[in-house]
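Have a look at the structure below before the remarks.
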Amino acid sequence: MSADARAQGCIDIARQMIEGDVGSRLDLILGGGRANFLPTTSRDPEYAAAKGKRTDRKDLTKAWQRRNPRGAYVWNSDAFAKVDFAKTSRLLGLFEPDHMQYEADRAKDFGGEPSLADMTRAAITMLGSREKGYVLLVEGGRIDHAHHAGNARRALEDTIAMDEAVKVAMEVTDRTDTLVLATADHSHTFAISGYPGRGNPILGTVTNGGQALKAKDGKGYTTLGYANGPGATIDTPRADPLQTDTTALDYRQQALVPLGSETHGGDDVLARASGPMAHLVKGTIEQHSLYYIMREALAGSSAE
């Protein structure tokens, strides 16, 4: 947090989630960022060489447990699987010191992480009995990170993970009383280019009729690419994608403008919904309209 923010009395997000007026009332928090909850004197429970980042000596995981003696704090998939979600009133799950693993890397995680779909199912099981309803935010945040890295494969695999989470939400809720809304906060400079034949691998180079299509420089090109980002070259000719495995997990799609991190785009983003007030999610609408749609669905009538 910046010195200016601290000077104005702002406290960091981890403290807001545990001690803040709004954050302390959250029934469920699942994600990464564990190091921000632990003091620098505390070793991470999963990675022996890692420590907390807090310089105020606060252990916010212990503070949360003191505030919620009937709640459950977990940091790995085994402990998560043992929670009785239907009977747990509060749940805090911090599965990584930093960001959660990409879906493509999750199986290699040392301590084990639940999938986005697993966490969604657990959350709805836990919150579904609330008589006044509930608001659950599920974010596939690493889709964005992979795009910034120019790594289409990881972005797509995390998109599939998000799709599976939405599927779970649709399966375990009642469409007559639960609004399920899926959208994004922005696009990226991600593009599908060329005329690949039907059935051509989305991560592959553009081919049609068994023939590789080539650009003006005589080299092949991939179906997926970015307008800017780390996949661009500056002083050297671009590599020929036909000479590399473009489906490899760490492959970066080529880009036009060389940047250290790919940027957001300016496209309208998709918004789709099912359930109460879903009929209002159609055509082109302003972003802020989604708030009112969600409020109406939760309240059942105009809320003051």
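Going by the working numbering, the sequence shown opens with residue 295, and the numbers climb by one from there. Virtual Cβ for every residue (Gly too), placed ideally from N, Cα, C. Since the structure is predicted, the reported quantities are computational estimates derived from the model, not experimental observations.
What residue range is occupied by the uninterrupted beta strand (DSSP E) comprising residue i?
i    : result
F374 : Note, F374: premise wrong, no beta strand (DSSP E); alpha helix (DSSP H) at S371 to A375.
I528 : Where I528 is concerned, there is no enclosing beta strand (DSSP E), given that its DSSP letter is neither H nor E.
A449 : No beta strand (DSSP E) holds A449; the alpha helix (DSSP H) holding it covers A446 to V466.
A565 : A565 to S568
A342 : Counting along the chain, A342 falls outside any beta strand (DSSP E), and DSSP gives it neither H nor E.
A549 : A549 to P552
Less than 7 Å between CB atoms is the rule here; does residue i satisfy it with respect to chain D?
i    : result
D438 : Structure shown: chain D not included; a single protein chain is present.
So, residue i versus residue j, is the Cβ gap smaller than 7 Å?
i    : j    : result
S336 : V474 : no
T355 : Y367 : yes
F484 : H442 : no
T414 : F379 : no
P599 : W369 : This structure cannot speak to residue 599, because the chain is shown only from 295 to 598.
G491 : H393 : no
S383 : R364 : yes
Residue i lies in the alpha helix (DSSP H); which residues open and close that run?
i    : result
I418 : L410 to L421
Y367 : From DSSP, Y367 is part of no alpha helix (DSSP H) but of the beta strand (DSSP E) over A366 to V368.
R623 : Outside the displayed span of the chain (295 to 598) sits residue 623, for which this structure offers no information.
I486 : Careful: I486 lies outside any alpha helix (DSSP H), inside the beta strand (DSSP E) at F484 to I486.
A357 : L354 to R361
Return the Cβ separation of residue i and residue j in integer angstroms, given the expectation that the two are a contact with Cβ distance under 8 Å.
i    : j    : result
G493 : T517 : Their Cβ separation, rounded to whole angstroms, is 12 Å, which puts G493 and T517 out of contact at 8 Å.
T477 : L584 : 7 Å
G519 : D534 : Rounded, the Cβ-Cβ distance is 14 Å, inconsistent with contact.
Y396 : R448 : 5 Å
R348 : T334 : 6 Å
E458 : A411 : 4 Å
G559 : S481 : 4 Å
L592 : V429 : 7 Å
CB-CB under 7 Å to residue i, same chain, minus the five flanking residues each way: which ones, in chain order?
i    : result
W358 : I312, Y367 and L386
G435 : none
Regarding residue i and the ligand ADP, is the C-beta to nearest heavy atom distance less than 6 Å?
i    : result
S409 : This structure lacks the ligand ADP, and indeed carries no ligand of any kind.
Please go through the same chain and pick out, in chain order, the residues whose beta-carbon is closer than 8 Å to the beta-carbon of residue i, but skip the five residues on each side of it.
i    : result
A597 : A caution first: A597 carries a pLDDT of 39, below 50, which makes its placement in the model unreliable, though a value can still be read off. If we look at A597 and ignore the five residues flanking it on each side, its Cβ neighbours are R589 and E590.
- [ ] Report yes or no: do the segment 534-550 and the segment 506-525 share at least 3 C-beta pairs separated by less than 8 Å?
- [x] With a cut-off of 8 Å, the segment 506-525 and the segment 534-550 count as touching, because enough Cβ pairs lie within range.
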